[in-house]
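In what follows, a structure is listed as structure tokens, so that the remarks can point back to it.
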Amino acid sequence: MQNSTFIGLDVHKATISVAVAQGERGGEVRHWGTIPNRPDHIRKLVEKLGVHGSRLCFCYEAGPCGYGLHRQLVGLGHDCIVVAPSLIPVKAGDRVKTDRRDAVMLAKLHRAGELTAVWVPDAAHEAMRDLVRARATAVRVTGKARQHLQGFLLRHGRIYPGKKGWTKAYRRWLTTIRFEHPAQQIVFQDYIHAVTDAETRIERLTGQIADLLTNWSLAPVVEAIQAMRGVAFIVAVTVVAEVGDFHRFDNPRQLMAYLGLTPSEHSSGARVRRGGITKAGSVLARRVLIEGAWSYRMQARVSRKLHDRNEGLPQAVRDIAWKGQLRMCQRYRHLVAVGKAKVVVTTAIAREMVGFIWAIARAVTAAPIENVGSQG
């Protein structure tokens with residue numbers, strides 16, 4: 001500690017505010033200055049701070065600037081952590097926030113060991129995660145495009161007589177719609193083109209994910225967790241891309257908490273108050289897990305699609321998946337029977353799913369399995 005120097009970096013698009021804290025307890029903490037956020041200036045900063053041969057320990061908050069700074073500092077041979085912003089201790093009465101104060105605070109807290117580091121993916125994993133998130137963005141854009149089209153039709157009294165939209169019958173019905181004014185017909189056709197383009201984008205990105213999956217180091221985990229009901233290709237690749245290294249979690253409870261599926265709590269003294277789920281971590285992973293949980297409302301069975309996904313997988317993986325399906329289908333029926341709300345039921349099943357996904361991922365990577373399916 002005494003031979004270490006702790007550096008807090010408040011990183012922005014164009015600048016980095018730098019603060020330095022000496023390693024000994026109660027040592028000097030000072031604002032070093034502000035530098036441009038460019039690799040050459042960062043290299044010069046490292047050279048100046050390391051001139052006395054002390055061990056440099058950098059930290060900065062996770063944010064829109066990504067992990068490039070982390071990779072550069074680690075590549076130069078120094079320690080660096082990326083800090084979870086939501087877990088930084090904050091003084092309740094502090095009402096002044098500047099780049100200078102933020103950098104000094106990071107340096108102090110890093111020296112005290114009060115910062116929580118996030119997991120930093122390697123470049124290949126980050127690239128796959130970006131591709132998965134791009135597809136999720138395309139799905140949201142498609143939903144918006146469909147809403148715009150349906151809103152336009154509703155304003156002009158064009159209501160589909162069928163029960164369900166965006167089927168083949170619905171699309172055939174769209175081709176029969178005509179408007180008297182040319183401008184309205186142009187708008188209608190433009191909305192249709194927007195939907196078509198968005199759907200094409202989803203298909204293109206899905207195909208690109210499938211093509212690149214074979215070269216990804218976590219491809220075996222993606223294939224293995226598809227043995228579970230409700231976890232097809234997109235759900236599997238999304239969960240693995242968002243979670244990354246399953247060995248970071250010693251038990252399923254930690255993974256459940258990481259994904260924000262555990263109940264929040266605000267208890268004091270004899271009063272115990274638990275609320276909804278914390279909704280921490282990846283919104284995308286949590287959403288696909290909740291959607292997958294709906295498949296357990298029906299009785300346990302191996303469908304043709306699930307059978308095809310199970311082919312070629314180790315027997316241990318298939319056993320875990322079947323055990324999970326039996327347990328979750330039974331639990332779903334029990335929670336519905338006791339009158340639990342649907343949102344509570346699906347959240348509970350999603351937590352169970354996380355436990356079995358964790359077990360399968362560990363089985364594929366030859367890690368010991370324990371506490372399978374434990375509740376969060």
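Residue numbers for the sequence shown follow full-length UniProt numbering, beginning at 1 and rising by one. Glycine included, C-beta positions come from ideal geometry on N, C-alpha and C.
Sequence-distant residues of its chain with Cβ nearer than 6 Å to residue i (five each side left out)
i    : result
F249 : L255
Q325 : R229 and A300
K144 : none
V118 : A62, V82 and A84
C80  : F58, H70, L73 and V74
L213 : A219
CA-to-CA distance, residue j to residue i, given in whole angstroms
i    : j    : result
V141 : G26  : 52 Å
P263 : T347 : 10 Å
W166 : G244 : 34 Å
G113 : V46  : 22 Å
H110 : V90  : 14 Å
G68  : H12  : 13 Å
R204 : I290 : 25 Å
D190 : A138 : 18 Å
G53  : I360 : 46 Å
F188 : K164 : 20 Å
P220 : F233 : 12 Å
R146 : A280 : 30 Å
V240 : R351 : 16 Å
G376 : A257 : No answer about G376 holds up, because its pLDDT of 38 lies below 50 and its placement is not dependable.
G260 : R178 : 48 Å
Reduced DSSP category for residue i - H, G, I as helix; E, B as strand; rest coil
i    : result
L273 : Note on identity: in this sequence residue 273 is Arg, with Leu being the wrong assignment. Coil at R273, not helix or strand.
T206 : helix
I88  : coil
S295 : helix
F6   : strand
A136 : helix
A232 : coil
L255 : helix
R55  : strand
Residues sharing a beta bridge with residue i, DSSP
i    : result
G33  : V18
E61  : V83
S264 : Per DSSP, none; premise fails for S264.
R158 : R158 pairs with nothing; no bridge assigned.
A117 : V83
V46  : Beta-bridge pairing links V46 to no other residue.
V11  : I16
Close Cβ partners of residue i (< 7 Å) along its chain, the five nearest in sequence each way excluded
i   : result
L87 : T116
P39 : Q72
Same chain, Cβ closer than 8 Å to residue i, neighbours up to 5 away in sequence not counted
i    : result
S217 : A124 and H125
R135 : I202, L205, T206, I209 and I234
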